[in-house]
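Chemist: Mapping to the UniProt record's numbering: the sequence shown position 67 is 67, numbers consecutive.
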Amino acid sequence: LTLAVVLPQHNLTYPWAWPRVGPAVRLAAAAVNSRRDLLPGFTLGWVFGDSEDRHGVCSEMAAPLVAVDLRLAHHPAAFLGPGCVYSAAPVARFTSHWQLPLVTAGAEAHGFDDKSEEFGLTTRAGPSHRKLGELGVQLHRRFNWTRRALLVYWDERVDDRPYYFAAEGLYVQLPTLRNLTVMDVVFRDGGNFSFIIQEIKAKGRIVYVCCAPDTLRELMLQAESEGLTGGDFAFFYIDTFGLSLQGQRFPEPRRPWHRGDSNDARARRAFQAVTIITYKEPENPEYRPFLERLREEARDHFNFSMKDGLVGHGECWGAPG
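Encoded structure:
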């Protein structure tokens with residue numbers, strides 16, 4: 001049996017880049033093949049296709065072409081990936097037509113929730129933005145926030161638009177609460193923080209923010225200057241994989257407000273108004289030994305130094321082996 005893997009080969013900014021996922025694929029295949037009761041009479045292997053374009057980013061053109069090539073050349077039994085939303089969508093449509101399952105740690109966008117037709121054979125093993133939206137609904141019910149919510153997000157309309165799709169889950173789910181008004185405002189290039197602060201003042205005391213950690217810090221410094229961090233406004237920062245909490249030197253955690261500049265004290269005060277929503281790492285006893293085995297596989301077979309964490313942050317020393 002063959003597993004077709006379609007993922008970014010080199011770009012480590014993606015949580016599902018091949019140097020991170022490849023070690024787990026190797027361990028999984030070895031575990032399956034070591035047990036005669038799982039696939040009697042078969043041996044599980046895999047073939048890999050790169051979903052990056054020539055610029056090194058996920059490509060909605062490269063991924064489906066690679067998927068078709070793998071399908072014709074190797075007749076796989078299932079697909080693993082892509083993870084990026086715009087790459088996963090066309091590949092998932094193809095695999096549904098081929099009646100083949102697709103498993104991905106990405107494809108978080110709300111549209112993949114529809115299992116009635118084109119995404120019926122797509123299984124997401126990672127976080128979904130619908131679940132994020134449902135968490136928002138539970139927060140509003142728990143604290144009786146019934147009037148307004150404001151979404152503030154960054155959207156460059158290039159690559160995979162992660163902040164846009166994170167906000168989408170909340171934008172779709174929060175209006176299921178009766179009489180709750182949900183509004184949104186977008187960060188612009190060059191910084192429109194003053195405008196966003198005025199929008200927050202006018203449109204909502206419950207604010208969900210989806211952006212890079214440095215952008216959040218600048219926003220909160222502005223909010224602190226305008227008196228919005230004293231308790232009258234609640235800020236929720238959507239940080240799915242905890243990027244704002246990862247320090248420069250492992251295992252030291254990062255203080256999300258700290259940059260070593262003159263604004264650190266103000267930023268620390270401002271962040272008292274921020275709740276960071278992030279993916280919870282497993283706590284079962286098998287998890288840490290599994291991470292150690294992943295590190296060994298990454299080092300030995302991918303020239304990749306993997307650290308602890310949800311997306312296996314590390315450094316790549318060379319081309320994957």
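Note that CB positions come from ideal geometry on N, CA and C, so glycine has one too. Nothing here was measured: the structure is a model prediction, and the numbers come from that model.
What would DSSP say about I200, mapped onto helix, strand or coil?
Modeler: The count along the sequence shown starts at 1 and reaches residue 200 at position 200. I200 falls in the helix class under three-state DSSP.
Chemist: Given A4, which residues of its chain have a CB within under 6 Å of its CB, disregarding the five upstream and five downstream residues?
Modeler: Residue numbering aside, residue 4 sits at position 4 when the sequence shown is read from its first letter. Answer for A4: V47, L70, P76 and F79, listed in chain order.
Chemist: Counting only runs that start and end within the stretch 32–107, where is the alpha helix (DSSP H) found for 4 or more residues in a row?
Modeler: Counting whole runs of 4 or more residues, the stretch 32–107 contains the alpha helix (DSSP H) stretches 62–74 and 85–97.
Chemist: Taking the beta strand (DSSP E) that S305 belongs to, which residues open and close that run?
Modeler: Mapped onto the sequence shown, residue 305 falls at position 305. F304 to M306 is the span of the beta strand (DSSP E), which, as asked, contains S305.
Chemist: To the nearest angstrom, how far is it from the Cα of G169 to the Cα of V209?
Modeler: For the purposes of this step, residue 169 is taken as residue 169 along the sequence shown, with counting starting at 1. For the purposes of this step, residue 209 is taken as residue 209 along the sequence shown, with counting starting at 1. Whole-angstrom Cα-Cα distance: 13 Å.
Chemist: When you compare only the Cα positions, how much space is there between F187 and R161?
Modeler: Numbered from 1 along the sequence shown, position 187 holds the residue referred to as residue 187. Numbered from 1 along the sequence shown, position 161 holds the residue referred to as residue 161. C-alpha separation (whole angstroms): 13 Å.
Chemist: Label E108 either buried or exposed according to how many other C-beta atoms from any shown protein chain fall within 10 Å of its C-beta, with 16 as the threshold for buried.
Modeler: Counting from 1 along the sequence shown, the entry for residue 108 is found at position 108. Classification of E108: buried, given that the 10 Å Cβ count is 16 or more.
Chemist: Tell me the DSSP secondary structure of W257 in three-state form.
Modeler: As a first step, residue 257 is located in the sequence shown; it is residue number 257 there, counting from the start. In this structure, W257 counts as coil in the three-state DSSP scheme.
Chemist: Please list the terminal residues of the continuous alpha helix (DSSP H) segment that includes L151.
Modeler: Taking the sequence shown and counting its residues from 1, one reaches residue 151 at position 151. That residue, L151, is in no alpha helix (DSSP H); its beta strand (DSSP E) goes R148 to W154.
Chemist: In the structure shown, what three-state DSSP assignment does A265 receive?
Modeler: Here residue 265 is taken as the residue at index 265 of the sequence shown, counted from 1. Three-state DSSP puts A265 in a helix.
Chemist: Out of K131, F42 and N284, which has the shortest C-alpha to C-alpha gap to T2?
Modeler: For the purposes of this step, residue 2 is taken as the residue at position 2 of the sequence shown. For T2, the nearest C-alpha among the options comes from F42.
Chemist: Run through DSSP, which three-state label would D184 get?
Modeler: Stepping through the sequence shown from its first residue, residue 184 is reached at position 184. D184 falls in the strand class under three-state DSSP.
Chemist: Just tell me which of G120, D113, G126 and T122 has its CA closest to the CA of G106.
Modeler: For the purposes of this step, residue 106 is taken as residue 106 along the sequence shown, with counting starting at 1. Per the Cα distances, G126.
Chemist: On the CB-based measure, 16 or more other CB atoms within 10 Å of its CB, does G97 come out buried or exposed?
Modeler: Stepping through the sequence shown from its first residue, residue 97 is reached at position 97. It is worth fixing the name first, because residue 97 is His in this sequence and not Gly. Classification for H97: exposed.
Chemist: Using DSSP with H/G/I as helix, E/B as strand and the rest coil, what is V5?
Modeler: The residue you call residue 5 lines up with position 5 of the sequence shown. V5: strand per DSSP, three-state reduction.
Chemist: Which first and last residues belong to the beta strand (DSSP E) in which F236 is found?
Modeler: Here residue 236 refers to the residue found at position 236 of the sequence shown. Residues A234 to I238.
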